[in-house]
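Have a look at the structure below, then the notes.
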Amino acid sequence: MRSILGMVLTAILIRAQTPEMALIQSAAGALGGLDRIRTVKTLVIEGAGTNPNVGQNRNPDDPLPDWKVTEYKKTIDLAAGRMRIQQHRQAEFAFSMANDVRQNMVLDGDTAFNVDASGKAVRAPQAAVRDRRIEMLANPVAILRAALDPGARLSHFRTEAKLQLVDVTTAQGDELTLAIDATTHLPASVRWLSSSDNLGDIHNETFFQDYETVSGLQLPKHYLTKIDFRNYTTADIHVSKNIVDGDAGNLAAPADVRAAAPPPPPTFKVNPVHVADGVWWLQSTGNHSSAMYEFADHLTMFEAPASAAQAHALFDAARAAVPSKPLTEIIISHHHFDHTGGLRTVVAEGLTIISHMDNEQFFRELAARPATLHPDDLAKHPMPLKFRGVGERAVLKDSAMEVDLYQLKDNIHSGLMLVAWVPRYRFLSQSDMFDAYWYRFLWTDNYFANLDRLHLHFDKDLPVHGRIMTYDEEYAIVQKYKKSPDDYSAAAMRFCAYGAPCSGFPARQNKDAAR
Ligand SMILES: [Zn+2]
Ligand SMILES: [Zn+2]
Numbered sequence: 018m019r020s021i022l023g024m025v026l027t028a029i030l031i032r033a034q035t036p037e038m039a040l041i042q043s044a045a046g047a048l049g050g051l052d053r054i055r056t057v058k059t060l061v062i063e064g065a066g067t068n069p070n071v072g073q074n075r076n077p078d079d080p081l082p083d084w085k086v087t088e089y090k091k092t093i094d095l096a097a098g099r100m101r102i103q104q105h106r107q108a109e110f111a112f113s114m115a116n117d118v119r120q121n122m123v124l125d126g127d128t129a130f131n132v133d134a135s136g137k138a139v140r141a142p143q144a145a146v147r148d149r150r151i152e153m154l155a156n157p158v159a160i161l162r163a164a165l166d167p168g169a170r171l172s173h174f175r176t177e178a179k180l181q182l183v184d185v186t187t188a189q190g191d192e193l194t195l196a197i198d199a200t201t202h203l204p205a206s207v208r209w210l211s212s213s214d215n216l217g218d219i220h221n222e223t224f225f226q227d228y229e230t231v232s233g234l235q236l237p238k239h240y241l242t243k244i245d246f247r248n249y250t251t252a253d254i255h256v257s258k259n260i261v262d263g264d265a266g267n268l269a270a271p272a273d274v275r276a277a278a279p280p281p282p283p284t285f286k287v288n289p290v291h292v293a294d295g296v297w298w299l300q301s302t303g304n305h306s307s308a309m310y311e312f313a314d315h316l317t318m319f320e321a322p323a324s325a326a327q328a329h330a331l332f333d334a335a336r337a338a339v340p341s342k343p344l345t346e347i348i349i350s351h352h353h354f355d356h357t358g359g360l361r362t363v364v365a366e367g368l369t370i371i372s373h374m375d376n377e378q379f380f381r382e383l384a385a386r387p388a389t390l391h392p393d394d395l396a397k398h399p400m401p402l403k404f405r406g407v408g409e410r411a412v413l414k415d416s417a418m419e420v421d422l423y424q425l426k427d428n429i430h431s432g433l434m435l436v437a438w439v440p441r442y443r444f445l446s447q448s449d450m451f452d453a454y455w456y457r458f459l460w461t462d463n464y465f466a467n468l469d470r471l472h473l474h475f476d477k478d479l480p481v482h483g484r485i486m487t488y489d490e491e492y493a494i495v496q497k498y499k500k501s502p503d504d505y506s507a508a509a510m511r512f513c514a515y516g517a518p519c520s521g522f523p524a525r526q527n528k529d530a531a532r
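In the numbering used here, the protein residues as written are 18 to 532.
So, in structure tokens, the structure goes:
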């Protein structure tokens, strides 16, 4: 009978003999040697760069606006399986919400948490655990350590131009592909799959570039992350300092954070407000609502925003409010990702999208993407995209209802923005043009100028963000803001106090602090 030791040795030899393990070992050799890789305790990476803001450019084909990352620090405690990313981001684009944000995001084993400016730690949603584990592995030392773990599985050795590739399933079950430069044997990139409601499957790749020697290790001075949608860059970080085995600080989750349940994914409650005969405002929890119009034989909604879950909640509310007519059309105001999170659900439901004609190509790209990681409505129920393109003006009209659509001109937030107008009641619906809870009103003069040009001095605005308001209310808030912009946050809170519930205000203020 073979000894246990003999079986273990055989297993190690079999592992060592595979082309996959040979590749990992050659990379470990190039990076500083197997022993050096195995004895690293901590890595601290300091630098700066950009986080391009996918889905928020002015027009679909424009360059992406950037969050400038003025300070970046990634701390990896390899032995303990902990990581912290601290970054200071400033919006390099017109933004009405918090545009100067400090993030402090930590992973400790299966617990992800965020630390606010006061030092208070709050548990992050469970989805952040995998995201952050992969962010930890988007580092040449960390991915090699994970690949060398006896619990990891290596498979599918292959070559691709000047690269040698291996698939790594880590002991935690994360699947990544490691690419090794066939000449230098240094890790060239890691690839992994993620998903979103807008894009379905997302193929991500972080490239390791400009290696330098630090404490007997080769470490990149440049991390560049790209996705397969339009080959966008999502992060571009230049390293100013690589520190090996420096002080990682305390990255352990506090006991109360570990004991707390992670916040559940958002669910949406919709309150159908019957504003006038044939017109509804579908007031939703979260940051987005919709308007709905009753035509003679069908219903048309203005916006199916944010996410598949919210689109479902809005569709259910629309159908419950007017069960006698089918919902057939959704007006999508502009292409921004918080307004197209429901687009794939709209397509799967067979509804016609009405939007500016120059959005069509972009929307077709969103709808054509597979969703295998988390199969969504469209993956489960493929349907062709039905699109009705609109230019500067369109009239939706039958015996029961008229809704006019207008394109706003020269707006810096979106060049293809559509607003809806119900002439019978002088009702407007708009997205992102005005919200009383904003910190600043950077394109509101253009909004009012467009309303003047189009003679749309509304009695009521049934908006996507915020609550129903009159023209005079919106105008007064902006004039007040112009007089004392610094004082504006407090003014907005006071405004909420005598208006509708303003529960969204603090949550939105913090939204950018936690990914
Ligand atoms: Zn927008
Ligand atoms: Zn918006």
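Where a beta carbon is used, it is the ideal one built from N, C-alpha and C, also for glycine.
Grab me the residues of residue i's own chain with a C-beta within less than 7 Å of its C-beta, minus the 5 sequence neighbours each way, in chain order.
i, result
"D314", "K342"
"G168", "A188"
"V339", "E311 and L316"
"R162", "I54 and L95"
"N74", "P80, L81 and P82"
"G359", "A321, P322, A323, S324, A325, Q327 and A328"
"A388", "S212, G217, D218, L395 and A396"
Would you kindly work out how many angstroms separate the C-alpha atoms of residue i and residue j, rounded to a whole number?
i, j, result
"R119", "V86", "10 Å"
"S446", "T487", "12 Å"
"H305", "N131", "25 Å"
"A330", "V261", "50 Å"
"D133", "N121", "7 Å"
"A265", "D94", "7 Å"
"P4", "G233", "As displayed, the chain neither begins before 18 nor continues past 532, which places residue 4 out of reach and without an answer."
"A335", "R381", "25 Å"
"D127", "G72", "30 Å"
"F465", "A293", "24 Å"
"G49", "Q181", "19 Å"
"A141", "N248", "29 Å"
"P283", "D355", "14 Å"
"V436", "S211", "33 Å"
"N156", "G432", "39 Å"
"N259", "K91", "10 Å"
"H105", "T35", "44 Å"
"A508", "H398", "Per-residue confidence for A508 stands at a pLDDT of 49, beneath the threshold of 50, marking its modelled position as unreliable; the derived number appears in the next sentence. Each residue's Cα considered, the two are about 47 Å apart."
"V107", "Y498", "The sequence given here places Gln at residue 107; Val does not occur at that position. Distance between the alpha carbons of Q107 and Y498 is about 22 Å."
Specify, as a first and last residue, the run of the alpha helix (DSSP H) that residue i falls within.
i, result
"G46", "P36 to L48"
"G173", "A small fix is needed here, since residue 173 is His in this sequence, not Gly. Premise fails: H173 lies in the beta strand (DSSP E), R170 to E177, not in any alpha helix (DSSP H)."
"K90", "Where K90 is concerned, there is no enclosing alpha helix (DSSP H), although the beta strand (DSSP E) it sits in stretches over D83 to D94."
"Q378", "E377 to A385"
"D264", "Neither: D264 is in no alpha helix (DSSP H) and is coded neither H nor E."
"Y464", "T461 to L471"
"A272", "A272 to A276"
"D52", "L51 to T56"
"L360", "L360 to A365"
On the DSSP letters alone, give me the boundaries of the beta strand (DSSP E) that residue i sits inside.
i, result
"N68", "T59 to P69"
"Q226", "G217 to V231"
"R106", "R99 to A108"
"Q300", "V296 to S301"
"H329", "Per DSSP, H329 belongs to no beta strand (DSSP E); it is in the alpha helix (DSSP H), A325 to A338."
"R140", "A138 to R140"
"T345", "L344 to I348"
"L4", "No answer is possible for residue 4: the residues shown for the chain start at 18 and end at 532."
Give me whichever residues DSSP pairs with residue i in a beta bridge.
i, result
"D394", "DSSP lists no partner for D394."
"M486", "D478"
"M153", "M153 is not bridged to any residue."
"S372", "G406"
"L124", "M100 and A129"
"F285", "The partner list for F285 (beta bridge, DSSP) is empty, contrary to what the question assumes."
"K243", "E222 and T250"
"F444", "V439 and K477"
"A196", "L182 and S206"
"P237", "Y228"
"M309", "W297 and M318"
"R119", "H105"
"A411", "L422"
State yes or no: is the C-beta of residue i nearer than 7 Å to some heavy atom of ligand 4?
i, result
"R75", "Although ligand 4 was asked about, the structure shown includes only ligand 1 and ligand 2 as ligands."
Within a Cβ cutoff of 6 Å, which residues of the same chain sit near residue i, ignoring the five residues on either side of it in sequence?
i, result
"D421", "V412 and W438"
"L459", "A111"
"L471", "Y423"
"T250", "P69 and K243"
"T362", "A325, A328 and D394"
"Y442", "A293"
With a CB to CB cut of under 8 Å and the five nearest residues on each side skipped, what residues in its chain are close to residue i?
i, result
"S257", "E63, G64 and A65"
"Q235", "A47, L48, G49, P157, L203, Y228 and E229"
*So which residues put a beta carbon under 5 Å from any heavy atom of ligand 2, going in chain order?*
D355 and D449
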